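Have a look at the structure below, then the notes.
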Amino acid sequence: MGIGTSVLLKMNAEKVLDMLAIEAEVQAADISIAKIDGPTADIILTTPELVYQLEGMPGKIIAIDHVFDLVEIREKLSAALS
Amino acid sequence: MFEVLNQALAEGSITLRAPATSWREALELAGRGLENSHRATSQYTEAMVQAFEELGPYMVIAPGIALAHARPSEAVLSTGLSLVTLSSPIPFGNTANDPVSLVIGLCAVDHDSHIDLMAALSDLLMDVMKVNMLLQAENLEQVRTLLR
């Protein structure tokens, strides 16, 4: 449950997952929801400024600089999944 | 393709070439755009500034582009956008994407009814050429034409 950045990041992460033919459930979350639901996620995508808020979660945290850069998202997601 | 954005940007929501000098002024201009177009009250503008103060410059989502918003609340009258271009770029404290030239204000009544709007916004902001044309726009008609 987020309305801005997390929604954009979710949309673009889904595009990349489609390209990579990886099935995944992607949830958009603002920081307060992420603190509640985050521990069940395998991978958490966020922006660099919010990483410190999410540290300590069991899943891998990926910081995306440029929310519209599908190449950056693909490279970072692929690395986290390999 | 971008008609949904044209509709979300109601009359009074667009400010071009604003001479703002700080992130706060830039966010307030984005908030005023939402207020002027009757999408949100001044409490929403305050909430956006507060979100920036609390969570830092995460709102700068791509080179030169900030997406300013707060949570859905009673301060939101209807889902909408505002758009501010800055006459000179302003540092927001974002390492990767500073300085900011374009601020998009967003308010939503809930978490999921504006997904089509976000998809269109994503398509627009992904298009570097369109973004550059937006930044160069000198009048509202040029912006409206771009979004047609």
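One line per chain: the protein sequences are A and B, in this order. 1 is the number of the first residue of the first sequence in my numbering; add one for each residue after it. 1 is the number of the first residue of the second sequence in my numbering; add one for each residue after it. Cβ coordinates follow ideal geometry from the N, Cα and C atoms, glycine included. All figures in this text were calculated on a predicted structure; none of them were measured in a lab.
- Task: With a cut-off of 8 Å on the beta carbons, I'd call I65(B) and L102(B) a contact; round off their distance for me.
- Result: 5 Å
- Run through DSSP, which three-state label would I22(A) get? coil
- Message: Our contact map puts L70(A) next to V26(A) with C-beta atoms below 8 Å; I'd like the distance itself, whole angstroms only.
- Response: Rounded, the Cβ-Cβ distance is 14 Å, inconsistent with contact.
- Beta-carbon separation of R17(B) and T79(B) under 7 Å? no
- S88(B) to P99(B), Cα distance in whole Å? 9 Å
- As assigned by DSSP and simplified to three states, the class of V109(B): coil
- Quick one: any contact between the stretch 47-67 of chain A and the stretch 28-41 of chain B, if contact means 3 or more CB pairs under 8 Å? no
- Message: Assuming the contact rule is C-beta atoms closer than 8 Å, I36(A) and G2(A) should be a hit. Round their C-beta distance to whole Å, please.
- Response: The Cβ separation is near 13 Å, so there is no contact.
- Under the assumption that L117(B) contacts A8(B) (Cβ atoms under 8 Å), give the Cβ distance between them as a whole number of angstroms. 5 Å
- Query: Nearest to S42(B) by CA position, among K130(B), G31(B), G93(B), L55(B), is which residue?
  - Reply: The shortest Cα separation from S42(B) among K130(B), G31(B), G93(B), L55(B) belongs to G31(B).
- Cα-Cα separation, V7(A) to R24(B): The alpha-carbon atoms of V7(A) and R24(B) are separated by roughly 24 Å.
- Note down the Cα distance separating A21(A) from E14(A), rounded to an integer number of angstroms. 10 Å
- Item | Of the listed residues P63(B), L27(B), F2(B), nearest to A51(B) (C-alpha basis) | L27(B)
- Check whether the Cβ atoms of S82(B) and S13(B) sit closer than 7 Å, and answer yes or no. yes
- For I104(B), which of helix, strand or coil comes out of DSSP? strand
- Message: Distance cutoff 7 Å, beta carbons only. Does G4(A) sit that close to anything in chain B?
- Response: Yes, G4(A) lies at the interface with chain B (some Cβ there is under 7 Å from its Cβ).
- Item | Cβ-based burial, G93(B) [other Cβ within 10 Å; buried from 16] | By the neighbour-count criterion, in which 16 or more other beta carbons inside 10 Å mark a residue as buried, G93(B) falls on the exposed side.
- Query: When you compare each of T5(A), E49(A), L77(A) to D42(A) by their alpha carbons, which one comes out closest?
  - Reply: Minimum Cα distance to D42(A) is reached at L77(A).
- Query: Can you find a C-beta in chain B that's less than 7 Å from the C-beta of E25(A)?
  - Reply: No, E25(A) lies away from the interface with chain B (no Cβ there is under 7 Å from its Cβ).
- chain A beta carbons: is any one of them nearer than 7 Å to that of Y44(B)? Chain A, which has no Cβ nearer than 7 Å to the Cβ of Y44(B), makes this no.
- Message: Within the continuous alpha helix (DSSP H) that includes A120(B), where are the two ends?
- Response: 115-126
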